[in-house]
Amino acid sequence: MKLKNPVTAIWRSEASRGLKVIAYSLLLLFATSLPFIGYMMFGPEGGNPVALSWLFAGGAMLAHVGFFVGLLLLIVDHYLRR
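If you read the sequence shown in my numbering, its first letter stands for residue 175, the second for the next number, and so on.
Have a look at this one:
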């Protein structure tokens, strides 16, 4: 079964829950960085995208928390649930 939606592909995968949390964190980081990157590439030369910068910074912070939680879940699954 071929899935084109990456969120559904992650959800239905056979990966552990820690890897799923890490994958969703990377998707969040990617989704919050796209508007900022697009503005920097195609926006005006002297533009100052403050709101997009805050969106990117907030998404990066949440993605780092998700990555840390995913790592903890991987450690717990590996060492405590054999």
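Glycine included, every Cβ here is placed at the ideal spot set by N, Cα and C. Given the structure is predicted, the values throughout are model-derived calculations rather than measurements.
Sorting THR206, ARG186 and LEU247 by C-alpha distance to the C-alpha of ALA237 places THR206 at the top.
When the five nearest sequence neighbours on each side are left out, the beta carbons in the same chain lying within less than 6 Å of the beta carbon of PHE241 are those of ILE196 and SER199, in order along the chain. For LEU208, the uninterrupted alpha helix (DSSP H) run begins and ends at 191-216, by DSSP. Sorting LYS194, MET215, LEU248 and PRO209 by C-alpha distance to the C-alpha of GLY233 places PRO209 at the top.
Going by C-alpha positions, LYS178 is about 31 Å away from VAL250.
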